[in-house]
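Enquirer: Chains G and Y, in that order, give the protein sequences.
Each residue of the first sequence is one higher than the one before, starting from 1 at the first, in this note's numbering.
Each residue of the second sequence is one higher than the one before, starting from 1 at the first, in this note's numbering.
Note that beta-carbon positions come from the ideal geometry of N, C-alpha and C, so glycine has one too.
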Amino acid sequence: MKSTAISVSDLTKVYGDRPALSHANFEVPMGTVCGFVGPNGSGKTTTIRMLLGLIAPTGGTGTVLGHNISHPEKYLPQVGAMIEGPAFYPALSGRENLNVLASLGGFPTSRVQGLLDQVGLGDRGGGKFKTYSLGMKQRLGIAAALLPQPKLLVLDEPTNGLDPSGIQEVRNLIKDLASDGTTVFVSSHLLSELEMISEYLVMLRLGKVIFSGRTQDLLAAQQPLLVAKPEYAVDLGKLFEIAKSSGHQVSLVDGALHIVSDPEWAPSLNRLAFEAGVTLASLAPVFPTLEETFFEMTGE
Amino acid sequence: MIHVIIAESRKLRRPTLLFSTMAITVVLSGLFTSLLFLLINSKDGNGKRGQMISPASLSLPNGVVTGFTSTATLLGIVALCIFAAQTAQEYTFGTLRNLLVRQPSRMKILGGKYISMIIFAIVMDVLSLIISVIASYALAGHAHVTTVLWSSGAGYREIGHAFLNVLITTLGFGTLGMILGLALRSPISSIAIGVIWVLIVENLLALAVKKSGPWLPGYLISNVAEGGSVDISYQRGLLLGGAYLLVGGAVVSYLFKKRDVSN
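Next comes the structure, spelled out in structure tokens:
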């Protein structure tokens, strides 16, 4: 069994009488990519800030890289983080901003140019931060998070403002880091991105953890669909009746039938349709995406 | 702590901040010292609040630093602005979270930031002293001031004392700025409140409420640069002014250590 990079137990944060996070329990195994999802205001950033020692929990406990979160000085030298978007000094260049953080953390500033190259800012490092586009700022934030050559990388919405190729680069970067043994804890509203890279997921809703575990386990628990389309639209009614009479839930969406069923029933449906004189133009199993699962679970 | 000082010095030595501050220092020091000598025969006075400072008085060993000490309050105001801005900007830019992830000890962040700004203030005061002394020597002949005693051992001691006192005043105002920056978490608010309080509110209070001057922090801190005055002794300025800053500093340090960083 893998050891855990992050473990929280009953972690709670209350502002006034409003709980931002309520009795959260989850674990992130070491060396994995773990997606952290939830609607706006569900407590993601509050959780991340507590893990980084920026805000004090109201209750509960947690460990990061084996150390209690009440002693962030023991684990933060091995943690890289970008929280709620990149925040830097506008009057300093991108390079000098990284130099400030490198000096502060006691890391060699010789590491900075390599990181700028890695995130595609190699030739723009001398430009002032305030002249950067949103995507460039985001890249600089990622470079800053990589400064300590972290064992654990915490990224809060790392693909915000990036174009499709930038998003792909970040995805590849995360995959590369994970293959080198870095644990990546990443929150994003691009659920399709997380589905592609996350082995584990922690899902929040209204300050509560509603799922924590392997992404495949979550998706496997969802009911798959068979999408069937007859060659002629007039046969939709016949096909609908066939599926319904076989005990399946059916709905008509964009000229095709969505039948809640295991993919194994597809040959039977094909045969029944043929026997009823209906030719199928297409018949395909569709598994629910993380996005669909997310909406179903969060009720958003 | 040394890592924090190095990191902070990178921010303080950015050209726009460094050169503009040093330019202001040169202009203020040159202007105040020049006026002291050029207006020496003016019936409106050539010193603070219309005070007459004669050639005989300027010929004494402390004459070489009279211009420098009269610049102290404005150097202090410059320091107040810089200390306040450098502290509060971490909140407005949201950069405090980056700093605390790289250096989780909040007291080390605060201490390193303070030390780096003290070094900055020392550079500022050294430059001011150099400009003021050069201007004093350059204009002494024109004002019929003899400079023999300036170059004596007593003159050098006066330079040392004046530098120390002006530095204490500069750092006192700078510390006030840092306290305001930490308390208000906004550069504009902390600078505005600090400058308005020191330059306007305290003067109005001193005029409106008799004998309030010896209790006002800005008056007390300014007084140290002059080595004491008739109204406020040097020791009172140092001790009571220091006590105000110590209490204020302790309160905001506690807040800085305990407050959640949620921006």
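Compile a chain-ordered list of the residues in the segment 157-191 of chain Y whose CB is closer than 9 angstroms to at least one CB of chain G.
Expert: Cβ contacts with chain G: none found.
Enquirer: Please classify Lys2 (chain G) as buried or exposed, where buried requires at least 16 neighbouring CB atoms within 10 angstroms.
Expert: Counted from its first residue, the first sequence places residue 2 (chain G) at position 2. Residue placement at Lys2 (chain G) is flagged as unreliable, the pLDDT there being 49, under the threshold of 50; the coordinate-derived value follows with that caveat. So Lys2 (chain G) ends up on the exposed side.
Enquirer: Pair every Cβ in the segment 10-30 of chain G with every Cβ in the segment 153-164 of chain G, then say whether three or more of these pairs are closer than 8 angstroms.
Expert: Because the criterion of three Cβ pairs below 8 angstroms is not met, the segment 10-30 of chain G and the segment 153-164 of chain G do not touch.
Enquirer: Just to check my reading of the structure: Pro148 (chain G) and Pro77 (chain G) have Cβ atoms closer than 8 angstroms, yes? What is that Cβ distance to the nearest angstrom?
Expert: For the purposes of this step, residue 148 (chain G) is identified with residue 148 of the first sequence, where counting begins at 1. For the purposes of this step, residue 77 (chain G) is identified with residue 77 of the first sequence, where counting begins at 1. With a Cβ gap of about 6 angstroms, Pro148 (chain G) and Pro77 (chain G) count as contacting.
Enquirer: Do you know whose CA, among G:Asp262, G:Thr293, G:Glu292, lies nearest Leu283 (chain G)'s CA?
Expert: Position 283 of the first sequence, counted from the start, is the residue given in the question as residue 283 (chain G). The shortest Cα separation from Leu283 (chain G) among G:Asp262, G:Thr293, G:Glu292 belongs to G:Asp262.
Enquirer: Taking only beta-carbon positions, decide if Met1 (chain G) is within less than 7 angstroms of chain Y.
Expert: In the first sequence, the residue the question calls residue 1 (chain G) occupies position 1. Legend: pLDDT at Met1 (chain G) = 42, less than 50; position of this residue unreliable, value from coordinates given subsequently. Closer than 7 angstroms: no.
Enquirer: Taking the C-alpha atoms as reference points, what is the distance between Gly218 (chain Y) and Val133 (chain Y)?
Expert: Here the question's residue 218 (chain Y) lines up with position 218 in the second sequence. Here the question's residue 133 (chain Y) lines up with position 133 in the second sequence. Spanning the two alpha carbons is a distance of roughly 26 angstroms.
Enquirer: Output needed for Phe256 (chain Y): all residues of its chain with C-beta closer than 7 angstroms, excluding positions within five of it in sequence on either side, in chain order.
Expert: Along the second sequence, one-based indexing puts residue 256 (chain Y) at 256. Counting only Cβ-Cβ distances below 7 angstroms, and skipping sequence neighbours, we find Arg106, Leu110, Leu182.
Enquirer: Are there 16 or more other CB atoms within 10 angstroms of the CB of Ala264 (chain Y), so buried, or fewer, so exposed?
Expert: Absent from the structure is residue 264 (chain Y), since the part of chain Y shown begins at 1 and ends at 263.
Enquirer: So what's Gly255 (chain G) in DSSP terms, helix, strand or just coil?
Expert: Looking up residue 255 (chain G) in the first sequence gives position 255. Coil.
Enquirer: Mind pulling the chain Y residues with CB within less than 7 angstroms of Ser103 (chain G)?
Expert: Counting from 1 along the first sequence, the entry for residue 103 (chain G) is found at position 103. Result: His3, Ile6, Ala7, Arg10.
Enquirer: So, with DSSP's three-state summary, where would you put His161 (chain Y)?
Expert: Numbered from its first residue, the second sequence carries residue 161 (chain Y) at position 161. His161 (chain Y): helix per DSSP, three-state reduction.
Enquirer: Just tell me which of G:Ala5, G:Phe294, G:Thr63, G:Ala24 has its CA closest to the CA of Leu190 (chain G).
Expert: One-based indexing of the first sequence puts residue 190 (chain G) at position 190. For the residues G:Ala5, G:Phe294, G:Thr63, G:Ala24, the minimum Cα distance to Leu190 (chain G) belongs to G:Phe294.
Enquirer: From the DSSP output, read off the bridge partner residues of Asp156 (chain G).
Expert: As a first step, residue 156 (chain G) must be located in the first sequence, where it is residue number 156. Answer is G:Ser187.
Enquirer: Report all residues from its chain with a CB closer than 8 angstroms to the CB of Arg95 (chain G); omit the five preceding and five following residues, and keep chain order.
Expert: Taking the first residue of the first sequence as 1, we reach residue 95 (chain G) at position 95. Val112, Gln113, Leu116, Gly125, Gly126, listed in sequence order.
Enquirer: Please decide whether Gly35 (chain G) counts as near chain Y, where near means a Cβ-Cβ distance under 7 angstroms.
Expert: In the first sequence, the residue the question calls residue 35 (chain G) occupies position 35. No, Gly35 (chain G) does not count as interfacial toward chain Y.
Enquirer: Could you compute how far the alpha carbon of Val123 (chain Y) sits from the alpha carbon of Met22 (chain Y)?
Expert: Your numbering for residue 123 (chain Y) matches position 123 in the second sequence. Your numbering for residue 22 (chain Y) matches position 22 in the second sequence. Each residue's alpha carbon lies about 9 angstroms from the other.
Enquirer: Could you tell me whether the Cβ of Val101 (chain Y) comes closer than 7 angstroms to any Cβ of chain G?
Expert: For the purposes of this step, residue 101 (chain Y) is taken as the residue at position 101 of the second sequence. Chain G contact via Cβ: present.
Enquirer: So, Gly31 (chain G) versus Gly181 (chain G), is the Cβ gap smaller than 7 angstroms?
Expert: Stepping through the first sequence from its first residue, residue 31 (chain G) is reached at position 31. Stepping through the first sequence from its first residue, residue 181 (chain G) is reached at position 181. Cβ distance < 7 angstroms, so Gly31 (chain G) and Gly181 (chain G) count as in contact.
Enquirer: So Val145 (chain Y) and Ser59 (chain Y) are supposed to be a Cβ contact under 8 angstroms. How far apart are they, rounded?
Expert: For the purposes of this step, residue 145 (chain Y) is identified with residue 145 of the second sequence, where counting begins at 1. For the purposes of this step, residue 59 (chain Y) is identified with residue 59 of the second sequence, where counting begins at 1. That belief holds up - the Cβ atoms of Val145 (chain Y) and Ser59 (chain Y) are roughly 5 angstroms apart, short of 8 angstroms.
Enquirer: Can you tell me whether Phe287 (chain G) is buried or exposed? The criterion is at least 16 other CB atoms within 10 Å of its CB, across all chains shown.
Expert: Against the first sequence, residue 287 (chain G) aligns to sequence position 287. Phe287 (chain G) should be labelled exposed.
Enquirer: Compute the beta-carbon to beta-carbon distance between Leu153 (chain G) and Ala145 (chain G), rounded to the nearest angstrom, for a pair I have assumed lies under 8 angstroms.
Expert: Working through the first sequence from its first residue, we reach residue 153 (chain G) at position 153. Working through the first sequence from its first residue, we reach residue 145 (chain G) at position 145. That pair is a contact at about 6 angstroms.
Enquirer: Please name the residue or residues paired with Ile6 (chain G) in a DSSP beta bridge.
Expert: Indexing the first sequence from 1 puts residue 6 (chain G) at position 6. Answer is G:Val28, G:Val64.
Enquirer: Using the DSSP secondary-structure output, state which residues sit across from Gly213 (chain G) in a beta bridge.
Expert: Looking up residue 213 (chain G) in the first sequence gives position 213. Answer is G:Leu201, bridged to Gly213 (chain G).
Enquirer: Between Y:Asn223, Y:Thr170, Y:Gly67, which has its C-alpha nearest Leu239 (chain Y)'s C-alpha?
Expert: Position 239 of the second sequence, counted from the start, is the residue given in the question as residue 239 (chain Y). Taking only the C-alpha atoms, the option nearest Leu239 (chain Y) is Y:Asn223.
Enquirer: So Pro104 (chain Y) contacts chain G; which residues on that side make the cut at Cβ distance below 7 angstroms?
Expert: The sequence position of residue 104 (chain Y) within the second sequence is 104, counting from 1. Those are Gly53, Pro72, Glu73, Leu76, listed as they occur along chain G.
Enquirer: Where does Asp235 (chain G) land, buried or exposed, given buried means 16+ other C-beta within 10 angstroms?
Expert: Start at 1 with the first residue of the first sequence, and residue 235 (chain G) comes out as number 235. Result: buried.
Enquirer: Below 8 angstroms on C-beta distance, what does Phe88 (chain G) contact in chain Y?
Expert: Looking up residue 88 (chain G) in the first sequence gives position 88. In chain order: Phe93, Thr95, Asn98.
Enquirer: Does chain G have any CB closer than 7 angstroms to the CB of Ser20 (chain Y)?
Expert: Counting from 1 along the second sequence, the entry for residue 20 (chain Y) is found at position 20. No, Ser20 (chain Y) does not count as interfacial toward chain G.
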